[in-house]
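Have a look at the structure below before the remarks.
Numbering (the UniProt record's numbering), first residue to last: 1 to 223.
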């Protein structure tokens, strides 16, 4: 997968019809118009109710032009979701390799730069999956790479990764809905505060949660 620009359209390559492989300015403008029309329509009705004809009417293009760019509505949605996922993967990987506030800020800004697109696609589910499915694969895989050096039991890592996915997507959705109301330092401070509060309940966890097992079968108690 490749990294995308914040706009999500600058490197669009059309792969159907007479435009195959070209990056003509007119093609890019039309592609942008199709995608922006699709996002607008998703703000007005559910994905299931949006039709290709709706997109044609909103973008003021003909059917042939649309099909020169996309096979159908699902193809449009999937390629938009893949573009977002590519950008998130690249940003998350930079942060994993160098977990600094600068890289976290870049990741947040990339999300906010495509806020309308992410929110529009958040609940979209096509015949080959939805955006949250891609986020699940991305974030679960990211957590597993982070947890790998711990040597803990893979089953524990799997459960933790699902917990991480739910926490991360809830935080992501909150940031997007706020429209940048929170600064990155404020967000990081709040996340740290949540974990401090949870950590303060260590005694409760020790009474109710069994020790985790490492990959070798030895037990590790919470610190």
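All C-beta atoms, glycine included, are put in the ideal place defined by N, C-alpha and C.
- The continuous alpha helix (DSSP H) containing residue 37 extends over residues 25 to 42.
- In this structure, the beta-carbon distance from residue 140 to residue 84 does not fall below 8 Å.
- The C-beta distance from residue 50 to residue 56 rounds to 11 Å, too long to meet the 8 Å contact threshold.
- Within the DSSP secondary-structure output, residue 126 pairs in a beta bridge with 129.
- For residue 169, the closest alpha carbon among the candidates 136, 79, 66 is that of 136.
- As the crow flies, the alpha-carbon of residue 156 is around 20 Å from that of residue 201.
- A straight-line Cα-Cα distance of about 19 Å links residue 123 and residue 52.
- Per DSSP, the continuous alpha helix (DSSP H) segment holding residue 175 begins and ends at 154 to 178.
- Setting aside the 5 residues that flank it on each side, residue 164 is surrounded in the same chain by 143, each with a C-beta closer than 6 Å to its C-beta; the list follows chain order.
- With contacts defined as CB atoms closer than 8 Å, residue 138 and residue 61 fail to qualify as a contacting pair.
- Residue range 184 to 199 is occupied by the alpha helix (DSSP H) that includes residue 184.
- Taking the C-beta atoms as reference points, residue 92 is found no nearer than 8 Å to residue 121.
- Just so you know, the alpha carbons of residue 66 and residue 116 end up roughly 22 Å apart.
- The straight-line gap separating the alpha-carbon atoms of residue 26 and residue 151 is approximately 53 Å.
- Under the 8 Å Cβ criterion, the region 97 to 105 counts as touching the region 179 to 191, having at least three qualifying pairs.
- Between residue 69 and residue 34, the CB-CB gap stays under 8 Å.
- Within the same chain, 33, 34, 37 come within 7 Å of residue 59 by CB-CB distance, once the 5 residues on both sides are set aside.
- In the DSSP assignment, residue 82 falls within the alpha helix (DSSP H) that extends over 73 to 97.
- Apart from the 5 residues on each side of it in sequence, residue 134 sits with its Cβ closer than 6 Å to the Cβ of 81, 85 in its chain, given in chain order.
- Straight-line spacing of the CA atoms in residue 73 and residue 97 works out to 37 Å.
- DSSP places residue 63 inside the alpha helix (DSSP H), whose first and last residues are 63 to 69.
- With 16 or more other Cβ atoms inside 10 Å of its own Cβ, residue 131 counts as buried.
- Spatial neighbours of residue 126 in its own chain (CB-CB distance under 7 Å, excluding positions within 5 residues in sequence) are listed in chain order as 74, 77, 78.
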